[in-house]
Amino acid sequence: MAPSREVSLTWVTEGTRLWDATLAALEGPALEAPSALPGWSRAHVVAHVALNAEALLNLLTWARTGVETPMYASPESRDADIEELAAADPQDVRARSEQATRELDEGVAALDEEHWEARVRVRQGTEVPASVVPWLRAREVYLHALDLDGAATDEDLPDDFASALVEDAAKQRSRDETHPSLVLREDGVGRWEIGRPGPDATEVVGDVRALAAWVTGRPTTLPVATADGQPLPELPAWL
Numbered sequence: 007m008a009p010s011r012e013v014s015l016t017w018v019t020e021g022t023r024l025w026d027a028t029l030a031a032l033e034g035p036a037l038e039a040p041s042a043l044p045g046w047s048r049a050h051v052v053a054h055v056a057l058n059a060e061a062l063l064n065l066l067t068w069a070r071t072g073v074e075t076p077m078y079a080s081p082e083s084r085d086a087d088i089e090e091l092a093a094a095d096p097q098d099v100r101a102r103s104e105q106a107t108r109e110l111d112e113g114v115a116a117l118d119e120e121h122w123e124a125r126v127r128v129r130q131g132t133e134v135p136a137s138v139v140p141w142l143r144a145r146e147v148y149l150h151a152l153d154l155d156g157a158a159t160d161e162d163l164p165d166d167f168a169s170a171l172v173e174d175a176a177k178q179r180s181r182d183e184t185h186p187s188l189v190l191r192e193d194g195v196g197r198w199e200i201g202r203p204g205p206d207a208t209e210v211v212g213d214v215r216a217l218a219a220w221v222t223g224r225p226t227t228l229p230v231a232t233a234d235g236q237p238l239p240e241l242p243a244w245l
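Counting from 7, one number per residue, gives the positions in the sequence shown under the numbering used here.
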């Protein structure tokens, strides 16, 4: 279950602040440089975050009007739109991101209480209540702030957000029956299992913010390691 709408909206506000600050510090041709995501420049990341806001606004419009409005026309068009926007003038990419964020905020404000319970369909094909949309956006702005490979690191993730993200990623990964068996421990406090539990599961221990970054495929600055001192296992793609 996703975190509550109210909590997620707070994270959207805080995460967007981190995203904006990280992006603002990347001046001039910095967007042309590689991001932390293989094969993507920083401009690709900004384009993706902008188009994600527009896609999530589609879901809120669906919830408000009852007219089916998918996030994207197709996977192919989504990818093509990211490539096209990433190749645009950097100022245009930044402006599109800022505009999309404003319009998504307006879309949130336009929903009445009953609209949040309307069922919409996310990119992976799962039907969820519209109240999940703020959580989806919180994930985007926090994680992609790290992907810009700028000033933001896992240390900037709030502990409660990071804990919710580890829970979410563990559930997502456990749907893959071939996924390596893992036990994640937050320095002896939190505990999450991925895959089939058992004595062969690899135990990974660390700060919850580092666990959140690692389990979603991001680099870490805070300590995270296996309990037995072996190298951290390679993980398949998260989403």
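Every residue, glycine too, gets a C-beta built ideally from N, C-alpha and C. Nothing here was measured: the structure is a model prediction, and the numbers come from that model.
>> Looking at chain B, is there any beta carbon in it that lies within less than 8 Å of the beta carbon of V172?
In response: The structure shown contains no chain B; it holds only a single protein chain.
> When the distance is taken between beta carbons, is A36 closer than 8 Å to L91?
Replying inline: For the purposes of this step, residue 91 is taken as residue 85 along the sequence shown, with counting starting at 1. For the purposes of this step, residue 36 is taken as residue 30 along the sequence shown, with counting starting at 1. For L91 and A36, no; Cβs fall outside 8 Å.
> I think L238 touches W220, with their Cβ atoms under 8 Å apart; what is that distance to the nearest whole Å?
Replying inline: Indexing the sequence shown from 1 puts residue 238 at position 232. Indexing the sequence shown from 1 puts residue 220 at position 214. Right, the Cβ-Cβ distance comes to about 7 Å (below 8 Å), so this counts as a contact.
> From A218 to A115, what distance separates their C-alpha atoms?
Replying inline: Stepping through the sequence shown from its first residue, residue 218 is reached at position 212. Stepping through the sequence shown from its first residue, residue 115 is reached at position 109. In this structure, the alpha-carbon of A218 lies about 29 Å from that of A115.
>> Within 10 Å of its beta-carbon, does D160 have 16 or more other beta-carbons around it, so buried, or fewer, so exposed?
In response: Translated into the one-based positions of the sequence shown, residue 160 becomes position 154. Buried, since its Cβ has 16 or more Cβ neighbours within 10 Å.
> Could you give the C-beta distance for A216 and V230, rounded to a whole number, given that I count them as a contact under 8 Å?
Replying inline: Here the question's residue 216 lines up with position 210 in the sequence shown. Here the question's residue 230 lines up with position 224 in the sequence shown. The pair is a contact, with the Cβ atoms about 4 Å apart (cut-off 8 Å).
>> Is the separation between the beta-carbon of A151 and that of A158 shorter than 8 Å?
In response: Numbered from its first residue, the sequence shown carries residue 151 at position 145. Numbered from its first residue, the sequence shown carries residue 158 at position 152. Taking 8 Å as the Cβ cut-off, A151 and A158 qualify as a contacting pair.
> Taking the Cβ atom as the reference point for each residue, do L66 and V18 lie within a distance shorter than 8 Å?
Replying inline: Working through the sequence shown from its first residue, we reach residue 66 at position 60. Working through the sequence shown from its first residue, we reach residue 18 at position 12. Result no, Cβ atoms of L66 and V18 do not sit closer than 8 Å.
> Looking at the structure shown, is P237 part of a helix, part of a strand, or coil, going by DSSP?
Replying inline: Residue 237 sits at position 231 when you count from the first residue of the sequence shown. Looking at P237 - three-state DSSP - the assignment turns out to be coil, as it is neither helix nor strand.
> Rounded C-beta distance between A106 and E173? I'm assuming under 8 Å.
Replying inline: Within the sequence shown, numbered from 1, the residue matching residue 106 stands at position 100. Within the sequence shown, numbered from 1, the residue matching residue 173 stands at position 167. E173 and A106 do not touch by the CB rule: their CB atoms are close to 28 Å apart, not below 8 Å.
>> Can you find the residues in the same chain that come closer than 7 Å, C-beta to C-beta, to V214, ignoring five residues on each side of it along the sequence?
In response: Your numbering for residue 214 matches position 208 in the sequence shown. Scanning its chain for C-beta atoms nearer than 7 Å, with the 5 sequence neighbours on each side dropped, one finds around V214 the residues D165, A168, S169, V172, E192 and G196, in chain order.
>> So L24 and D162 are supposed to be a Cβ contact under 8 Å. How far apart are they, rounded?
In response: Stepping through the sequence shown from its first residue, residue 24 is reached at position 18. Stepping through the sequence shown from its first residue, residue 162 is reached at position 156. With a Cβ gap of about 6 Å, L24 and D162 count as contacting.
>> Taking 8 Å as the limit between beta carbons, can you name the residues of its chain near G204, skipping five residues before and five after?
In response: Start at 1 with the first residue of the sequence shown, and residue 204 comes out as number 198. S187, listed in sequence order.
>> Checking the sheet assignment: what are the DSSP bridge partners for G212?
In response: Residue 212 sits at position 206 when you count from the first residue of the sequence shown. As computed with DSSP, G212 is found in a beta bridge with V230.
> Would you report the Cα separation of Q178 and M7, rounded to the nearest angstrom?
Replying inline: Here residue 178 corresponds to residue number 172 of the sequence shown, with the count starting at 1. Here residue 7 corresponds to residue number 1 of the sequence shown, with the count starting at 1. The alpha-carbon atoms of Q178 and M7 are separated by roughly 11 Å.
> Among all the DSSP beta bridges, which residues are the ones paired with I1?
Replying inline: This structure leaves residue 1 out entirely; the chain is present only between 7 and 245.
>> Based on DSSP bridge pairs, tell me the residues matched to V126.
In response: Residue mapping note: residue 126 aligns to position 120 of the sequence shown, counting from 1. According to DSSP, which records beta bridges pairwise, V126 is partnered with V134.
> Which partner residues does P40 have in the DSSP bridge list?
Replying inline: Your numbering for residue 40 matches position 34 in the sequence shown. S47, per the DSSP bridge assignment.
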